[in-house]
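Novice: The following block contains the structure, expressed as structure tokens.
In our numbering, the protein residues as written are 5 to 357.
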């Protein structure tokens, strides 16, 4: 047989191609799962933020619309002039106190702040981004909430800012001027902070920052776990198809190739058959190969008879040629004569041996 010109076998080519697609599929799977999990973490963070915001606003509405009017009416006869008790007279104070209890119980350590420009308590003074949002709220009455992902001190946070308290008529007593405010309030907070407010002014915003680093880390852990499972499944599928390829394709090709090699090296193997039952296509190939092998064997075994028959045919043909040759003329002559009407006629004559 001639030397092989191909550098690699079909098995090597197929394994290289499948390995490439296997690795590509694994990488794409990991990236897609990771991105999906991070998006899910962001959705969950947004849902948590909205729950916190709604709870905060519900508390504020309860104090403003239910608790404060009821207690004011109940204590009007007994409350000294200038009396101030932030526990029930300030919904902002109540919200902040509840937030402190909530933060102590909640291990997630969310950043939750009812911020304001010139806040009564410096702890709740708005930072630059919160201040800009409050100013935008007053410039744009249709603005309600804004959310975005921010990196703070190198860590990712899901930040939600929402419209807070709007100055109502009942709130002006404590926020218009120090002279109108209860003396106890001025004694507690001083005569400068959170005064000179106007009716309808948005004085605060609820700021929530949910850390995403831990959520991303959990998403990455889940991603690697799920990706490992997916990669394992893909690897099992790769092994399964490799086994099927070797069983259904490579092995039949090897059987046919070995038989062809035997016939090429020794024609004594002519007429031998290949039995394949793997698939209809290979059965058709085996049937065609067996027919060819049988015909070649028959031609080889009857080659001498075929030569004799051909020799006989050639001998008979030669004899016929000699017979015809004996009938060929050895001399020929040609002349023209003119009849009585003036027409010329050509007359040919031959002399045979």
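Positions of the beta carbon are idealized from the N, C-alpha and C atoms, including for glycine.
Of all the options 56, 25, 17, 35, which has the alpha carbon lying nearest to the alpha carbon of residue 228?
Specialist: In the chain shown, the residue the question calls residue 228 occupies position 224. Of the listed residues, the one whose Cα sits closest to residue 228 is 35.
Novice: Is it true that the region 200-215 meets the region 236-253, where meeting means three or more beta-carbon pairs spaced less than 8 Å apart?
Specialist: With a cut-off of 8 Å, the region 236-253 and the region 200-215 do not count as touching, because too few Cβ pairs lie within range.
Novice: Taking C-beta to C-beta, are residue 122 and residue 184 nearer than 8 Å?
Specialist: Position 118 of the chain shown, counted from the first residue, corresponds to residue 122. Position 180 of the chain shown, counted from the first residue, corresponds to residue 184. Their beta carbons are not under 8 Å apart, which means residue 122 does not touch residue 184 by this criterion.
Novice: Out of 154, 153, 139, which one is the CA nearest neighbour of residue 147?
Specialist: On the chain shown, residue 147 is found 143 positions in, with the first residue counted as 1. Checking every option, the nearest Cα to that of residue 147 belongs to 139.
Novice: Given residue 214, which residues of its chain have a CB within under 7 Å of its CB, disregarding the five upstream and five downstream residues?
Specialist: For the purposes of this step, residue 214 is taken as residue 210 along the chain shown, with counting starting at 1. Counting only Cβ-Cβ distances below 7 Å, and skipping sequence neighbours, we find 49, 52, 53, 114, 161, 162.
Novice: Please confirm whether residue 116 and residue 131 have their CB atoms less than 8 Å apart.
Specialist: For the purposes of this step, residue 116 is taken as the residue at position 112 of the chain shown. For the purposes of this step, residue 131 is taken as the residue at position 127 of the chain shown. Against a cut-off of 8 Å, the Cβ pair of residue 131 and residue 116 comes out as no contact.
Novice: CB of residue 115 to nearest heavy atom of the ligand SAM: below 7 Å?
Specialist: Absence of the ligand SAM from the depicted structure is noted, as is the absence of any ligand whatsoever, leaving it without description.
Novice: Report the residue ranges of all beta strand (DSSP E) runs contained in full by the region 180-211; include only those spanning at least 3 residues, in chain order.
Specialist: none
Novice: Going by DSSP, which residues form a beta bridge with residue 170?
Specialist: Here the question's residue 170 lines up with position 166 in the chain shown. According to DSSP, which records beta bridges pairwise, residue 170 is partnered with 206.
Novice: Could you name the residues of the same chain whose beta carbon sits closer than 6 Å to that of residue 277, not counting the 5 residues immediately before and after it, in chain order?
Specialist: Stepping through the chain shown from its first residue, residue 277 is reached at position 273. Closer than 6 Å at the Cβ level, and outside the excluded window around residue 277, lie 294.
Novice: Could you tell me the distance, in whole angstroms, from the CA atom of residue 120 to the CA atom of residue 209?
Specialist: To locate residue 120, count along the chain shown from 1; it is residue 116. To locate residue 209, count along the chain shown from 1; it is residue 205. Those two C-alpha atoms are separated by around 6 Å.
Novice: Would DSSP call residue 163 helix, strand or coil?
Specialist: Your numbering for residue 163 matches position 159 in the chain shown. If DSSP states are grouped into helix, strand and coil, residue 163 belongs with the strands.
Novice: Determine whether the beta carbon atoms of residue 165 and residue 149 lie at a separation below 8 Å.
Specialist: Residue mapping note: residue 165 aligns to position 161 of the chain shown, counting from 1. Residue mapping note: residue 149 aligns to position 145 of the chain shown, counting from 1. The answer is yes: Cβ separation under 8 Å.
Novice: Output the distance between the C-alpha atoms of residue 159 and residue 86, rounded to the nearest integer angstrom.
Specialist: Reading the chain shown from its first residue, position 155 is the one you call residue 159. Reading the chain shown from its first residue, position 82 is the one you call residue 86. The alpha-carbon atoms of residue 159 and residue 86 are separated by roughly 46 Å.
Novice: Using the Cα positions of residue 298 and residue 289, report the straight-line distance between them to the nearest angstrom.
Specialist: On the chain shown, position 294 is the one that residue 298 refers to. On the chain shown, position 285 is the one that residue 289 refers to. About 14 Å.
Novice: Please determine if the region 35-46 and the region 218-226 are in contact, where contact requires at least 3 C-beta pairs separated by less than 8 Å.
Specialist: yes
Novice: Just how far apart, CA to CA, sit residue 334 and residue 308?
Specialist: For the purposes of this step, residue 334 is taken as residue 330 along the chain shown, with counting starting at 1. For the purposes of this step, residue 308 is taken as residue 304 along the chain shown, with counting starting at 1. Confidence at residue 334 is low in this model, with a pLDDT of 49, below 50, so its placement is unreliable and the value that follows should be read with caution. Between residue 334 and residue 308, the C-alpha separation is close to 42 Å.
Novice: Going straight from the alpha carbon of residue 93 to that of residue 56, what length do you get?
Specialist: If you number the chain shown from 1, residue 93 lands on position 89. If you number the chain shown from 1, residue 56 lands on position 52. About 22 Å.
Novice: According to DSSP, simplified to helix, strand and coil, what is residue 256?
Specialist: Locating residue 256 in the chain shown gives position 252, where the first residue counts as 1. When DSSP states are grouped into helix, strand and coil, residue 256 belongs to the helix group.
Novice: Can you name, in chain order, every residue of its own chain whose Cβ lies under 6 Å from the Cβ of residue 129, other than the five neighbours on each side?
Specialist: Taking the first residue of the chain shown as position 1, residue 129 is located at position 125. So the list reads 123, once near-sequence residues are dropped.
Novice: How would you label residue 105, buried or exposed, when you count the other beta carbons within 10 angstroms and need 16 or more for buried?
Specialist: For the purposes of this step, residue 105 is taken as residue 101 along the chain shown, with counting starting at 1. Counting Cβ neighbours within 10 Å, residue 105 comes out exposed, since fewer than 16 surround it.
Novice: Which one of 190, 291, 270, 255 has the shortest CA to CA distance from residue 358?
Specialist: In the structure displayed, the chain extends from 5 to 357; residue 358 sits before or after that span and is not available.
Novice: When DSSP builds the beta bridges, which residues end up paired with residue 215?
Specialist: As a first step, residue 215 is located in the chain shown; it is residue number 211 there, counting from the start. According to DSSP, residue 215 bridges with 161.
Novice: Run through the region 73-150 for me and flag every whole alpha helix (DSSP H) of 4 or more residues, listed as ranges in chain order.
Specialist: As for any alpha helix (DSSP H) of minimum length 4 sitting wholly inside the region 73-150, the runs are 90-93, 95-109, 132-143, ordered along the chain.
Novice: If you compare alpha carbons, which of 279, 301, 300 is closest to residue 291?
Specialist: Numbered from 1 along the chain shown, position 287 holds the residue referred to as residue 291. Among 279, 301, 300, the Cα nearest to that of residue 291 belongs to 279.
Novice: At the level of alpha carbons, what is the spacing between residue 260 and residue 253?
Specialist: Mapped onto the chain shown, residue 260 falls at position 256. Mapped onto the chain shown, residue 253 falls at position 249. Computed Cα separation, rounded: 11 Å.
Novice: In terms of residues, what are the limits of the alpha helix (DSSP H) holding residue 283?
Specialist: Position 279 of the chain shown, counted from the start, is the residue given in the question as residue 283. Unbroken run through residue 283: none, as it is neither H nor E.
Novice: In whole angstroms, give me the CA-to-CA distance for residue 249 and residue 29.
Specialist: For this step, residue 249 is matched to residue 245 along the chain shown. For this step, residue 29 is matched to residue 25 along the chain shown. So the two alpha carbons sit approximately 20 Å from each other.
Novice: Nearest by alpha-carbon distance to residue 174: which of 266, 80, 318, 73 is it?
Specialist: For the purposes of this step, residue 174 is taken as residue 170 along the chain shown, with counting starting at 1. Taking only the C-alpha atoms, the option nearest residue 174 is 73.
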